[in-house]
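Colleague:
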Amino acid sequence: ERDDLLSMGERALFIEHPTDLSNRPKLNQISKWDTYWADVNKIPYTVTGPYLKALFDKAFIDGLHHPMQRPTAEEWETALLKTTDLMQQCSNIYCDQKWYVFDNTSIPKCPFCGTSHKGTLPILDLYYQFQPSVWKPENHRLMVYNNQYLFQWHVNRNIIRNEKLTAEQKIPVGYFTFHETKWVFVNQKLTSLVDKTEEKEIPIGSMVELTDGKKLLLSKEDGGRVILITLANK
Numbered sequence: 004e005r006d007d008l009l010s011m012g013e014r015a016l017f018i019e020h021p022t023d024l025s026n027r028p029k030l031n032q033i034s035k036w037d038t039y040w041a042d043v044n045k046i047p048y049t050v051t052g053p054y055l056k057a058l059f060d061k062a063f064i065d066g067l068h069h070p071m072q073r074p075t076a077e078e079w080e081t082a083l084l085k086t087t088d089l090m091q092q093c094s095n096i097y098c099d100q101k102w103y104v105f106d107n108t109s110i111p112k113c114p115f116c117g118t119s120h121k122g123t124l125p126i127l128d129l130y131y132q133f134q135p136s137v138w139k140p141e142n143h144r145l146m147v148y149n150n151q152y153l154f155q156w157h158v159n160r161n162i163i164r165n166e167k168l169t170a171e172q173k174i175p176v177g178y179f180t181f182h183e184t185k186w187v188f189v190n191q192k193l194t195s196l197v198d199k200t201e202e203k204e205i206p207i208g209s210m211v212e213l214t215d216g217k218k219l220l221l222s223k224e225d226g227g228r229v230i231l232i233t234l235a236n237k
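Residue numbers for the sequence shown, in the numbering used here: 4 to 237.
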């Protein structure tokens, strides 16, 4: 009994600790129905993506015995919302999971079935205006897939994705689609969308091609973001 108390208390150890492997699940003691998820070598916690992985490290490695170092509820909520923007559809129609979190690799593949992504993959990095003419990355990415929507909380950093959103703010402002062998964004509601690479406005009802290195100003309003496009898996 004392050993149990110690293992869950002062000697507690994260089962996926990166250097101390002594608390790894023993697969020969696990039901065959649970082995898929219990095998942390095949499906590690890092499949949750970079934002959640960092918080798991804080909670179960840095903060396991130091509660003040653990993530706050707000940090978890922010990381979960940012992770939803990293979701990508698996190319394998028979994949059990269907979706996975993009892991920031140049040649992405599904961690569950091992299927590589087919075709190019647009990655949108969000930037905010730090001061006039100075834009800084927000450590926030949006992955593009066919018929993916863009929302106001992507466009303007002053609009927070939470329970206080108005009905109007929940309506998509445009969508991404693969059209005639090209990735494009179709503008449905953005009144001041500008292709900064070509220095031309993209009016409502028109589309703009997503090309490697292109910059789009989503809004000229205060809080409006710029997105930098990268095409992975070329």
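Every residue, glycine too, gets a C-beta built ideally from N, C-alpha and C.
1) Where does Q100 sit, in a helix, a strand or coil, going by DSSP?
2) For H182, count neighbouring C-beta atoms within 10 Å of its own C-beta (all shown protein chains included) and say buried if the count is 16 or more, exposed if not.
3) With a Cβ-Cβ cutoff of 9 Å, do I232 and L127 count as a contact?
4) If you draw a straight line from the C-alpha of I174 to the C-alpha of P28, how long is it?
5) Nearest by alpha-carbon distance to L221: which of S209, S195 and T38 is it?
6) Specify, as a first and last residue, the run of the beta strand (DSSP E) that A235 falls within.
7) Kindly indicate which residue of L89, Q191, Q92 and L16 has the alpha-carbon position closest to the one of F63.
8) Evaluate contact between the stretch 131-138 and the stretch 61-79, counting only Cβ atoms and requiring at least three cross-stretch pairs below 8 Å.
9) In terms of DSSP beta bridges, what is G177 paired with?
10) Classify L221 as helix, strand or coil using the three-state DSSP reduction.
11) Here's the rule I'm using: 16 or more other beta-carbon atoms within 10 Å means buried, otherwise exposed. How should Q91 be labelled?
12) Is the separation between the beta-carbon of I110 and that of N236 shorter than 9 Å?
13) Using 10 angstroms around the beta-carbon of W36, count the other beta-carbons present and answer buried if the total reaches 16, otherwise exposed.
14) Quick check on this structure: which residue in P21, K167, W102 and K199 has the alpha carbon closest to the alpha carbon of C93?
15) Quick one: measure Cβ to Cβ for V104 and V43, integer angstroms, because I've assumed they're closer than 8 Å.
16) Taking the alpha-carbon of W138 as reference, which of E19, K199 and L58 has the nearest alpha-carbon?
17) Between D88, P135, I207 and F59, which has its C-alpha nearest G227's C-alpha?
18) Could you check how far apart the C-beta atoms of E162 and Q155 are, in whole angstroms? I think they sit under 8 Å.
19) Do you know offhand how far K85's Cα is from V158's?
20) Given this structure, state the Cα-to-Cα distance separating H20 from R160, to the nearest angstrom.
21) Taking the beta carbon of P125 as the centre, do at least 16 other beta carbons fall within 10 Å, making it buried, or is it exposed?
Modeller: Taking the geometry as given:
1) coil
2) exposed
3) yes
4) 45 Å
5) S195
6) V229 to A235
7) L16
8) no
9) L153 and N190
10) coil
11) buried
12) yes
13) exposed
14) W102
15) The Cβ separation is near 16 Å, so there is no contact.
16) K199
17) P135
18) For the sequence presented, residue 162 should be read as Ile rather than Glu. Their Cβ separation, rounded to whole angstroms, is 5 Å, which keeps I162 and Q155 in contact under 8 Å.
19) 14 Å
20) 35 Å
21) buried
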